[in-house]
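Novice: Protein chains in written order, with my numbering: chain A, 572 to 824; chain B, 24 to 454.
A virtual CB, placed ideally from N, CA and C, is assigned to each residue, including glycine.
Since we're looking at a predicted model, the values are computed, not measured.
Before I ask anything, let me first share the structure, which is written out below as structure tokens.
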Amino acid sequence: MSRFYVEKNIAIGAAIVLSLSLARAADDLPKAETILDKYVEVTGGKAAYEKHHNEIAKGTFEMAAMGIKGSLTSYRAEPDKSYTETDLGSIGKVREGSDGKVFWQLSAMMGPHLREGSEKAQAQLAGTFNAELRWRDLFKDAKTVGVEQVDGKDCYSVQLTPAEGSPITQCYDKESGLMVKQTMTLQSPMGEQTVNSFATDYRKEGGVLMPHKLKSSVAGQEIAITFDSFTFDTDIAADTFAVPDEIKALVKK
Amino acid sequence: MRLSSGAILAAALCGWSLAQPALTPAERQLNVDSFEQVWKTVRDKHWDPKLNGVDWQAVHDELRPRIEAAASMQEARDIMSEMLKRLKQTHFGIVPGEAYKELKQKDDNGKSNPSDGDPGLDVRLVDGHALVTFVTPGSPAAAKGVKLGWEILRIDGKELAPGLAKVRAALGSAMLAELIETRSVIERMEGPIDETVEIEFLDGNDRKVTLTLGRTGPRGTETVFGSLPPLHFWVDAHKLQPDIGYIHFNMFFEPEAVEAAMKKTVAECRDCKGFIIDLRGNPGGVGGMAMGLAGWFTRQSGLVLGTMYLRGASIKFAVFPRPNPFDGPLAILVDGCSASTSEIFAGGMQDLKRAHVFGTRTAAAALPSMFTKLPNGDGFQYAIANYISEGGKPLEGIGVTPDREVKLTRHQLLEGQDPVLDAAVSWIHGQ
């Protein structure tokens, strides 16, 4: 499982930009590692995370302004395998995934897409199982950059810089320690898009507190993802993470 | 979506002559509220924060006293329309509430629902004349022997020419005019399946023929996309000749159906001399499908059809190459009823020099726009983004100019010819 799962879902779509409050002097702010480690602790603890080796999440996808609704199923497994299928009805299915080496997206609407370069690095990061425990490996730098307000509550803004690609900023509620907002620059051949996502409705699943609602905004579009169920450590069919033939054909090139 | 907007605009034009009753204080307030909603929406949603250089606050302050004093619905609409005209951009407009009613009840009896059925005819305006360009096989029109090239003179006793002239006069030379005029004719033929429509034609011998035609359900299968009303989608893909692949679909919806048709046709067409994509009459739909369709015709990664500019964001219409794409000559057929995603695809492929475009200039209606209802019951259309094709030109207001302009003629239609398709076939064979 991964709180960084948020990144993966926002790749599909959606920008409520909340104003930053005045940043405090760096000396007044807790260190990033303190905030990130606290997150693991308040959501269940390292042991609870490590107990799980794969995850199936099911939920819904909605772009209310356009009246578009769909279902979403996501499979994830150690160390960085993933497969997500979003069924958007008449728009068709949007599939994306990785076997840990090849990162891809496939839809009837846009065709097959092999993720490369910084886009691949971003997908790899998002696909890492239990990324919360591995932030020291995944990011070359993490620093607390200020205090922001989300829904009227203060949160610590932590900037995480990966080895490749642009930094990600995540905001952690001062009181609860839960991550409530994430801002990132989505990389794709369609250009760079700033994405703001808000995580709410934290509830325990498999011993770990997980956000069940994600609201993202990108390029004027708002997307709401609601998770209805999580299943852990089941036998996921071996071919779930297999690279589709259309993508294999592109890899061979 | 364009189809709907064209229909609404066409109906709107019909509504302009309605008498205007005096307004109650509540209605006046609703007009003021509508004015404010329009003004704020443009301020907040227009892709250009500078609003095309217009001092929007000054426009508000100038017109607000006038909307407060507006004595009729028409006067209120005129004031809101004047505000939008200051932007000097298309796809911003006020649609009278009567227009929505007009679409739902075609005549005074209020019995018709234009989405129920049609006699099985497609029509294009050629030099101001409504000519039959397609007769659906097995339809009531086919059963009664309606032929290509026949001109439609009257529908249910009402002469067509004066109405078309009125629409044309109101729209001027705007490229969208052809789309709106065409839709206005088609909608007059639509109605309940259990009712008939009487159409007077000018046949191939220039004789007036009046036929009473039944109606059949719209061609294709029903599809639902978001908040739009149900639409009917069809796709027709086959080998046009032993050596040319051909695909024609009526809207950019149902991506999986289009993908399946493309997959089959491209696979069967490995040795074809060329491929034709027929976008005539296609009003657009899901913009992303332009990218997916382009991917069937290139092996090159990194290509872009164009860029959509929203406020604070831009989206490139990137092309994702399919495995084993078709490498031969590609012809795209368009006309004045090809709009939106059709223009994005045709214009982009033309700019990339991957396709040769045949037909007449497209509708020039490529701004992504939205419709919303105002407090006073009127409709409000507003664009949310600008779109620039890869060649650097905006499609909005300009459209796609074919590499080879080919116009339909009544004579050729009566002969059973399709000069646009014929030109594309000839070009492919010459490659």
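Which residues in chain A sit within 9 Å of residue 372 of chain B, going by Cβ to Cβ distance?
Specialist: Within the second sequence, numbered from 1, the residue matching residue 372 of chain B stands at position 349. Going along chain A, no residue has its Cβ under 9 Å from residue 372 of chain B, so there is no contact; the nearest lies around 15 Å.
Novice: Taking the CB atoms as reference points, tell me whether residue 779 of chain A and residue 619 of chain A lie closer together than 7 Å.
Specialist: Stepping through the first sequence from its first residue, residue 779 of chain A is reached at position 208. Stepping through the first sequence from its first residue, residue 619 of chain A is reached at position 48. Cβ distance < 7 Å, so residue 779 of chain A and residue 619 of chain A count as in contact.
Novice: Taking the beta carbon of residue 822 of chain A as the centre, do at least 16 other beta carbons fall within 10 Å, making it buried, or is it exposed?
Specialist: For the purposes of this step, residue 822 of chain A is taken as residue 251 along the first sequence, with counting starting at 1. With fewer than 16 other Cβ atoms within 10 Å, it is exposed.
Novice: Counting only Cβ-Cβ distances shorter than 8 Å, please list the residues of the stretch 675-688 of chain A near chain B, keeping chain order.
Specialist: 678, 679, 680, 681, 682, 683 and 684
Novice: Please report the distance separating the alpha-carbon of residue 681 of chain A from that of residue 343 of chain B.
Specialist: Translated into positions along the first sequence, residue 681 of chain A becomes position 110. Translated into positions along the second sequence, residue 343 of chain B becomes position 320. Straight-line Cα distance between these residues: approximately 7 Å.
Novice: Are the C-beta of residue 755 of chain A and some C-beta of chain B separated by less than 7 Å?
Specialist: Residue mapping note: residue 755 of chain A aligns to position 184 of the first sequence, counting from 1. With 7 Å as the cut-off, residue 755 of chain A does not count as an interface residue toward chain B.
Novice: Taking one C-beta from the stretch 86-100 of chain B and one from the stretch 416-425 of chain B each time, how about it: are there three or more such pairs within less than 8 Å?
Specialist: no
Novice: Looking at the unbroken beta strand (DSSP E) that takes in residue 158 of chain B, where does it start and where does it end?
Specialist: Your numbering for residue 158 of chain B matches position 135 in the second sequence. Counting along the chain, the beta strand (DSSP E) containing residue 158 of chain B begins and ends at 152-158.
Novice: Across which residues does DSSP place residue 684 of chain A in a beta bridge pair?
Specialist: Here residue 684 of chain A is taken as the residue at index 113 of the first sequence, counted from 1. A:676.
Novice: Between residue 639 of chain A and chain B, is the shortest Cβ-Cβ distance under 7 Å, so that the two count as touching?
Specialist: Stepping through the first sequence from its first residue, residue 639 of chain A is reached at position 68. With respect to chain B, the C-beta atom of residue 639 of chain A has a partner C-beta closer than 7 Å.
Novice: So residue 63 of chain B is in the alpha helix (DSSP H); what residue range does that whole segment cover?
Specialist: If you number the second sequence from 1, residue 63 of chain B lands on position 40. Here the alpha helix (DSSP H) through residue 63 of chain B covers 48-68.
Novice: Just the Cα atoms here: how many angstroms apart are residue 225 of chain B and residue 155 of chain B?
Specialist: By one-based count along the second sequence, residue 225 of chain B stands at place 202. By one-based count along the second sequence, residue 155 of chain B stands at place 132. Cα-Cα distance, rounded: 10 Å.
Novice: Below 7 Å between beta carbons: does that hold for residue 723 of chain A and residue 653 of chain A?
Specialist: The residue you call residue 723 of chain A lines up with position 152 of the first sequence. The residue you call residue 653 of chain A lines up with position 82 of the first sequence. Not in contact: residue 723 of chain A and residue 653 of chain A (Cβ atoms no closer than 7 Å).
Novice: Determine whether the Cβ of residue 57 of chain B lies closer than 7 Å to any Cβ atom of chain A.
Specialist: Position 34 of the second sequence, counting from 1, holds the residue named residue 57 of chain B. No - not a single Cβ of chain A is within 7 Å of the one on residue 57 of chain B.
Novice: Flag residue 815 of chain A as yes if its beta-carbon sits less than 7 Å from any beta-carbon of chain B, otherwise no.
Specialist: Position 244 of the first sequence holds residue 815 of chain A. No, because no Cβ of chain B sits closer than 7 Å to the Cβ of residue 815 of chain A.
Novice: If the cut-off is 8 Å on Cβ atoms, which residues from the stretch 789-815 of chain A count as contacting chain B, listed in chain order?
Specialist: Under the 8 Å Cβ criterion, the stretch 789-815 of chain A contributes 789, 790 and 791.
Novice: Is the shortest distance between the beta-carbon of residue 594 of chain A and the beta-carbons of chain B less than 7 Å?
Specialist: Against the first sequence, residue 594 of chain A aligns to sequence position 23. Its pLDDT being 38, under 50, residue 594 of chain A is placed unreliably in this model, and the coordinates cannot settle the point.
Novice: I'd like to check one pair, residue 412 of chain B with residue 370 of chain B: are the Cβ atoms closer than 7 Å?
Specialist: Here residue 370 of chain B refers to the residue found at position 347 when the second sequence is read from its first residue. Here residue 412 of chain B refers to the residue found at position 389 when the second sequence is read from its first residue. Closer than 7 Å, so yes.
Novice: Can you tell me which of the three DSSP states residue 286 of chain B falls into?
Specialist: Looking up residue 286 of chain B in the second sequence gives position 263. Helix.
Novice: Give me the residue from B:78, B:72, B:82 and B:119 with the minimum Cα distance to residue 95 of chain B.
Specialist: Position 72 of the second sequence, counted from the start, is the residue given in the question as residue 95 of chain B. With distances taken between Cα atoms, residue 95 of chain B lies closest to B:119.
Novice: Within the continuous alpha helix (DSSP H) that includes residue 112 of chain B, where are the two ends?
Specialist: Here residue 112 of chain B refers to the residue found at position 89 when the second sequence is read from its first residue. Segment: none, residue 112 of chain B is in no alpha helix (DSSP H) and carries neither H nor E.
Novice: State yes or no: is the beta carbon of residue 663 of chain A nearer than 7 Å to at least one beta carbon in chain B?
Specialist: On the first sequence, position 92 is the one that residue 663 of chain A refers to. So yes, residue 663 of chain A belongs to the interface.
Novice: At 4 residues or longer, and completely inside the stretch 354-382 of chain B: list those alpha helix (DSSP H) runs for me, N to C.
Specialist: 364-374
Novice: Residue ranges of each beta strand (DSSP E) run of no fewer than 3 residues wholly in the stretch 190-273 of chain B, ordered along the chain?
Specialist: 220-225, 231-236, 244-246, 254-256, 258-264 and 267-272
Novice: Determine the chain A residues that contact residue 333 of chain B at a beta-carbon separation under 7 Å, and present them in chain order.
Specialist: Here residue 333 of chain B refers to the residue found at position 310 of the second sequence. 790 and 791, listed in chain order.
Novice: Among the residues of its own chain, which have a CB less than 8 Å from the CB of residue 337 of chain B, if the five just before and after it don't count?
Specialist: Here residue 337 of chain B refers to the residue found at position 314 when the second sequence is read from its first residue. Correct list, in chain order: 330 and 331.
Novice: My assumption, with CB atoms under 8 Å, is that residue 387 of chain B sits in contact with residue 420 of chain B. Please give the rounded CB distance.
Specialist: The count along the second sequence starts at 1 and reaches residue 387 of chain B at position 364. The count along the second sequence starts at 1 and reaches residue 420 of chain B at position 397. Confirmed, about 5 Å.
Novice: Please report the distance separating the alpha-carbon of residue 392 of chain B from that of residue 363 of chain B.
Specialist: Taking the first residue of the second sequence as position 1, residue 392 of chain B is located at position 369. Taking the first residue of the second sequence as position 1, residue 363 of chain B is located at position 340. Approximately 10 Å, taken between the alpha carbons.
Novice: Tell me which residues share the same chain as residue 784 of chain A and place their Cβ nearer than 6 Å to its Cβ, disregarding the 5 neighbours each side in the sequence.
Specialist: On the first sequence, residue 784 of chain A is found 213 positions in, with the first residue counted as 1. The residues are 771, 772 and 797.
Novice: If you follow the beta strand (DSSP E) that residue 602 of chain A is part of, which residue opens it and which one closes it?
Specialist: Counting from one through the first sequence, the residue named residue 602 of chain A turns up at place 31. Neither: residue 602 of chain A is in no beta strand (DSSP E) and is coded neither H nor E.
Novice: According to DSSP, simplified to helix, strand and coil, what is residue 347 of chain B?
Specialist: Reading the second sequence from its first residue, position 324 is the one you call residue 347 of chain B. Looking at residue 347 of chain B - three-state DSSP - the assignment turns out to be coil, as it is neither helix nor strand.
Novice: On the premise that residue 356 of chain B lies in contact with residue 377 of chain B, defined as a C-beta separation below 8 Å, what is that separation, rounded to the nearest angstrom?
Specialist: Position 354 of the second sequence, counted from the first residue, corresponds to residue 377 of chain B. Position 333 of the second sequence, counted from the first residue, corresponds to residue 356 of chain B. Contact between residue 377 of chain B and residue 356 of chain B does not hold, since their C-beta atoms are separated by about 15 Å, which reaches or exceeds 8 Å.
Novice: Measure the alpha-carbon distance for residue 298 of chain B versus residue 650 of chain A and round it to whole angstroms.
Specialist: Taking the first residue of the second sequence as position 1, residue 298 of chain B is located at position 275. Taking the first residue of the first sequence as position 1, residue 650 of chain A is located at position 79. Taking the straight line joining both Cα atoms gives about 45 Å.
Novice: Helix, strand or coil: which one does DSSP assign to residue 407 of chain B?
Specialist: On the second sequence, position 384 is the one that residue 407 of chain B refers to. Reduced to three states, the DSSP call for residue 407 of chain B is coil.
Novice: What are the partner residues of residue 669 of chain A, as DSSP defines its beta bridges?
Specialist: The residue labelled residue 669 of chain A in the question sits at position 98 within the first sequence. Residue 669 of chain A pairs with A:653 and A:674.
Novice: Less than 7 Å between the beta carbons of residue 153 of chain B and residue 175 of chain B, yes or no?
Specialist: As a first step, residue 153 of chain B is located in the second sequence; it is residue number 130 there, counting from the start. As a first step, residue 175 of chain B is located in the second sequence; it is residue number 152 there, counting from the start. Contact: yes.
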